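Protein chains in written order, with my numbering: chain L, 1 to 648; chain F, 649 to 965.
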Amino acid sequence: MKLAAPLSSQLIYGLIACILLVSAPHAEHLPLWVSTVCTALLAWRAYLTWSGNTLPARWLLLTITVACVLAIGLSFRTLFGREVGVTLLILLATLKLLELRAARDATVLIYLSCFIIITNFFYSQSIPTALNMMLTLLVIMATWVSMQTGTLTLKPRLRIAMVLLLQAIPLSLIIFVLFPRVQGPLWGMPQDAYATSGLSDTMSPGSMSKLSLSDAVAFRVSFNDKVPAREQLYWRGPVLWDFDGTTWTRGHNATLQRPTLAEAGMPVSYTVTLEPHNKLWLFALDMPTRLSIPADFAPDFQLLSKAPVNARTRYNAVSQLAYRANLNESPQQIVRALTLPQGFNPRVKKLAAEWVARGDSDEGIVRTALLYFNQNGFEYTLEPPLLGSNSVDDFLFTTKKGFCEHYAGSFVVLMRAAGIPARVVTGYQGGEYNELGDYYILRQSDAHAWAEVWLRDRGWVRIDPTAAIAPGRIQGGLNAALPDNTALPFFVRTQSPFLHKLRFNLDALTNQWNQWVLGYNTERQFAFLTRLGMEDITWQKLAMNMLAGVSLLVGFFTLVMLRRLVVRQYDPVQAAWLKVCRKLEKAGLPRALHEGAMDYAARIAAARPELGEGISDIAARYAALRYGGDDKKTGLAAFKNAVRAFKL
Amino acid sequence: MLKRFRHLFRNWAFRRTVETGTLVLNQRRIYIVPSRQGFGFAFVLVLMLLGDINYNLSLGYVLTFLLATAGGITMLHAFRNMAQLEIHAGYVEPVFAGEQAKFVFHFNNPGRMARHQIHLHDDDDHETVFDLPAQRSTPIEIAIPAVQRGWLDSGRLTLYTHYPLGLFYAWTYIHFDVRCLVYPRPAAPQPLPAASVQDGTGKMTAAGDEDFSGLRNYAAGDAMPRIAWKVLAREQGLQVKQFTAPQGSSLWLDWAQLPNIAQERKLEQLTRWVLDADAQGLMYGLRLPDGELPTQNNAAHRAECLRRLALFGSGRT
Numbered sequence: 001m002k003l004a005a006p007l008s009s010q011l012i013y014g015l016i017a018c019i020l021l022v023s024a025p026h027a028e029h030l031p032l033w034v035s036t037v038c039t040a041l042l043a044w045r046a047y048l049t050w051s052g053n054t055l056p057a058r059w060l061l062l063t064i065t066v067a068c069v070l071a072i073g074l075s076f077r078t079l080f081g082r083e084v085g086v087t088l089l090i091l092l093a094t095l096k097l098l099e100l101r102a103a104r105d106a107t108v109l110i111y112l113s114c115f116i117i118i119t120n121f122f123y124s125q126s127i128p129t130a131l132n133m134m135l136t137l138l139v140i141m142a143t144w145v146s147m148q149t150g151t152l153t154l155k156p157r158l159r160i161a162m163v164l165l166l167q168a169i170p171l172s173l174i175i176f177v178l179f180p181r182v183q184g185p186l187w188g189m190p191q192d193a194y195a196t197s198g199l200s201d202t203m204s205p206g207s208m209s210k211l212s213l214s215d216a217v218a219f220r221v222s223f224n225d226k227v228p229a230r231e232q233l234y235w236r237g238p239v240l241w242d243f244d245g246t247t248w249t250r251g252h253n254a255t256l257q258r259p260t261l262a263e264a265g266m267p268v269s270y271t272v273t274l275e276p277h278n279k280l281w282l283f284a285l286d287m288p289t290r291l292s293i294p295a296d297f298a299p300d301f302q303l304l305s306k307a308p309v310n311a312r313t314r315y316n317a318v319s320q321l322a323y324r325a326n327l328n329e330s331p332q333q334i335v336r337a338l339t340l341p342q343g344f345n346p347r348v349k350k351l352a353a354e355w356v357a358r359g360d361s362d363e364g365i366v367r368t369a370l371l372y373f374n375q376n377g378f379e380y381t382l383e384p385p386l387l388g389s390n391s392v393d394d395f396l397f398t399t400k401k402g403f404c405e406h407y408a409g410s411f412v413v414l415m416r417a418a419g420i421p422a423r424v425v426t427g428y429q430g431g432e433y434n435e436l437g438d439y440y441i442l443r444q445s446d447a448h449a450w451a452e453v454w455l456r457d458r459g460w461v462r463i464d465p466t467a468a469i470a471p472g473r474i475q476g477g478l479n480a481a482l483p484d485n486t487a488l489p490f491f492v493r494t495q496s497p498f499l500h501k502l503r504f505n506l507d508a509l510t511n512q513w514n515q516w517v518l519g520y521n522t523e524r525q526f527a528f529l530t531r532l533g534m535e536d537i538t539w540q541k542l543a544m545n546m547l548a549g550v551s552l553l554v555g556f557f558t559l560v561m562l563r564r565l566v567v568r569q570y571d572p573v574q575a576a577w578l579k580v581c582r583k584l585e586k587a588g589l590p591r592a593l594h595e596g597a598m599d600y601a602a603r604i605a606a607a608r609p610e611l612g613e614g615i616s617d618i619a620a621r622y623a624a625l626r627y628g629g630d631d632k633k634t635g636l637a638a639f640k641n642a643v644r645a646f647k648l
Numbered sequence: 649m650l651k652r653f654r655h656l657f658r659n660w661a662f663r664r665t666v667e668t669g670t671l672v673l674n675q676r677r678i679y680i681v682p683s684r685q686g687f688g689f690a691f692v693l694v695l696m697l698l699g700d701i702n703y704n705l706s707l708g709y710v711l712t713f714l715l716a717t718a719g720g721i722t723m724l725h726a727f728r729n730m731a732q733l734e735i736h737a738g739y740v741e742p743v744f745a746g747e748q749a750k751f752v753f754h755f756n757n758p759g760r761m762a763r764h765q766i767h768l769h770d771d772d773d774h775e776t777v778f779d780l781p782a783q784r785s786t787p788i789e790i791a792i793p794a795v796q797r798g799w800l801d802s803g804r805l806t807l808y809t810h811y812p813l814g815l816f817y818a819w820t821y822i823h824f825d826v827r828c829l830v831y832p833r834p835a836a837p838q839p840l841p842a843a844s845v846q847d848g849t850g851k852m853t854a855a856g857d858e859d860f861s862g863l864r865n866y867a868a869g870d871a872m873p874r875i876a877w878k879v880l881a882r883e884q885g886l887q888v889k890q891f892t893a894p895q896g897s898s899l900w901l902d903w904a905q906l907p908n909i910a911q912e913r914k915l916e917q918l919t920r921w922v923l924d925a926d927a928q929g930l931m932y933g934l935r936l937p938d939g940e941l942p943t944q945n946n947a948a949h950r951a952e953c954l955r956r957l958a959l960f961g962s963g964r965t
């Protein structure tokens, strides 16, 4: 290849702007020193370009690079993982600017900038982020264009970039709608698995509601034949026995007995594909009886893998939806299921004692408790207020706002206080049906906690106190149960009708954005396309439609773009003159390219003396009109007449 | 090696026609393939798409599709950057061997939009880059070294563009029937041979260098001994002494009278003499084995002499 010309300063300023724009949104979660170093490096680069100084020596750059990488390693304590990766990417892109030598380096930087934009979406995908993306893209395009347009100034470059983007928008819209959505993730990086939230073996107020904010997939299930009702879809995970006043933990089972099921019925068989979560437990419907992979059956019906699940795991399982579980529970386990920490939550104990004093049966007390939740103004919310040291008292009698862990935990405490053996079960509830793949997706947001009580002749019975407050949670999932998000305290407090309206509009807009852009997944795509009248949606069909739509648009662009490529603009004098020339050309006397009007006329006169007079007159008039200072208005009419009169 | 194969492939794949008159670039002439950067960009896009799918980044899909379609549509822009250009070859000034032949092509952009960064290059990577303003004809020069005397064909030239993002390479071949006449390289200055009086037969008079007639400005190739050093010393610039041969005398630059040296050397020597004789205003004639040109002194004569020397032995005149 040819030796590249030195890069123009406008290209370098453009690249600085690109790196600045793509890194700026990251500033809020980058370590402060990284932002400072990057800003300083960018300023240095801008100064070098402005002053025309040479770039720093390679050894200096290498030293800076090594120092920065070391510092990142030290502050993050690792060089792998998403956050470190993003930080490294931004730092290296900035350093690359300082050793920008050839056009190829500039191209690499452009590509890097595009990549860094995408890393920002890990943190935010809101409407402002999208607008910022468009602006950044415009700057990147304009910089990119400058590599192929030489000395073109900023304004026409921005125009070219704008045209490219404006053409790209409708095209990408078509592809966005029709591109077959694959339910991710395709792979799970080990550190992602460590990082993602998943169920843990403890439960304290707030642990579940935090999980419910994560869209990450926990596992997928396909049922082999019939699908149970949604109210039956309780995916059993860690069973929590021990309570210390705030936190529930698994504790140690007092027996090694295998659990037993009596009068089991309604078997369901299904296949689970479990995403790696780096813990032991496997998930199955209440109550599992068979499993295709080796695992321990804990006495409390928990399935425990032999080793932490750190790769995607697939297993078949059979569960019995109707059962009487552990009718003969060991006395030690019963004792565990009745233990409460001493000295906490006196009011709960008092309430339970009142119920017991009424002489109800155990089942009656359970019903009373559920009714209590249902009728005392309890609220199901993601953002419960903080609780004091008597957390259950505070929740039950003061705040009355909680998420599933509050309800399950306090219910179990109530039961134990009333002398009914009870425990907390955590896991997932429900699932989202994927029609294209005919399977259910369980996300972290489906994490749930419920309770089990042991009744003398029924064994362990599942009781979900959440269902008493927010039945929608069980029937329709989390979104159906939670009230509309009200996390905008400023707007909430404000009474101005204008701001109220604005808030509602903003909220509606955000909602639409979340639903249609961010939440555009397989199901939504399917539903949307069906509504548009597409039937039997297959990948091939999507591809065909995409191709057709894109071709149609590109065809339209082609028509518009190639329209103005040839625009002949003659003034009337020249048009008339060319008419004469064409006439003569047909007669076999074409004008040579170099021939002026007078020369041509002289040649014609020599070759065809009978035309001589006419053509000489026309040529003279033409020369006078075009090159002389003759008055156009009067001269033109005479000239046109002469042309009209000229006959071969 | 690779280059040779590429050459062979091109000759096989693309029709070789030599153009006369005006060439209009239409869709049948413009070829487009993704460039190396284009493939690199596609790779980056695939990575981005995998990331979007894996992390379920909806906005990532939007960005990826925007970049992909903007990148794809540049194919159309690349095509438009070349489409409907009208090209015709211009006159090529003869040059001496060792100089650069400047082939001129007139590019007319009949459209409403300017064309950016079009490259014109030959198979040996001599290149010129230019922009074409809207509604205007622009002469474009490409310099190709003239190595040998005779006709120098421009060969097939490649006209290409990477506009607007460098992702596509849109190109066409232009091969016009233009050639540059390359005169032999003038030999090192040597005194002109003795002139003979027009009517004297065989009688040699030492003339030609004798009668000083004045000074003129120095021009490249003038002999060192002719430089007016005294004038230079008076700081009046670099001047060359001019001599005229006496009226009636004529100088024959004769192939046969040259010592026995290689044919090309002889031609180079004669070229030098033609230039010198012309510069000195001598009446000179050229006698070559395949004919002679009578003594004269004017520009047309000089051109004709040089032309005969350039094409000597090629069978083409």
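We put the beta carbon where it would ideally sit given N, CA and C, even for glycine. Remember, it's a predicted structure, so these values are computed and weren't measured experimentally.
Opposing strand residues paired with residue i [DSSP bridges]
i: L:MET203; result: L:TRP248
i: L:LEU282; result: L:LEU303
Rounded distance between the beta-carbons of residue j and residue i, thought under 8 Å
i: L:MET208; j: L:PHE403; result: 6 Å
i: F:GLY933; j: F:LEU941; result: 6 Å
i: F:LEU733; j: F:PHE755; result: 6 Å
i: F:GLN991; j: F:ARG920; result: Here chain F comprises residues numbered 649 to 965, so residue 991 of chain F is not present and cannot be evaluated.
Residue i at chain L interface by Cβ criterion, 9 Å
i: F:ARG760; result: yes
i: F:VAL777; result: yes
i: F:THR786; result: no
i: F:ALA731; result: yes
i: F:SER706; result: yes
i: F:GLN748; result: no
i: F:ILE701; result: yes
i: F:LEU930; result: no
i: F:ARG874; result: no
Residue-chain proximity (residue i, chain F), Cβ-Cβ < 9 Å
i: L:ASN545; result: no
i: L:ILE175; result: yes
i: L:PHE121; result: yes
i: L:LEU518; result: yes
i: L:LEU565; result: yes
i: L:THR634; result: no
i: L:ARG568; result: yes
Residue i and residue j closer than 9 Å at C-beta
i: L:VAL413; j: L:ALA449; result: no
i: L:LEU171; j: L:VAL554; result: yes
i: L:THR87; j: L:LEU30; result: yes
i: F:PRO812; j: F:ALA726; result: yes
i: F:ASN680; j: F:MET723; result: Before going further, note that residue 680 of chain F is Ile rather than Asn in the sequence given. For F:ILE680 and F:MET723, yes; Cβs fall inside 9 Å.
i: L:ALA649; j: L:ALA468; result: Residue 649 of chain L lies beyond the range of chain L shown here (1 to 648); nothing can be said about it.
i: F:MET761; j: L:LEU565; result: yes
i: L:LEU370; j: L:ILE441; result: no
i: L:ILE175; j: L:MET546; result: yes
i: F:ALA835; j: F:GLN917; result: yes
i: F:LEU715; j: F:PHE689; result: yes
Cα-Cα separation, residue i to residue j
i: L:MET58; j: L:PHE115; result: Reading the sequence as shown, one finds Arg at residue 58 of chain L and not Met. Straight-line Cα distance between these residues: approximately 26 Å.
i: F:LEU800; j: F:TRP903; result: 24 Å
i: L:PRO294; j: L:GLN302; result: 13 Å
i: L:ASP571; j: L:ARG563; result: 21 Å
i: L:GLY336; j: L:SER269; result: The sequence shown places Arg at residue 336 of chain L, rather than the Gly named in the question. If I take the Cα positions, the gap works out to 32 Å.
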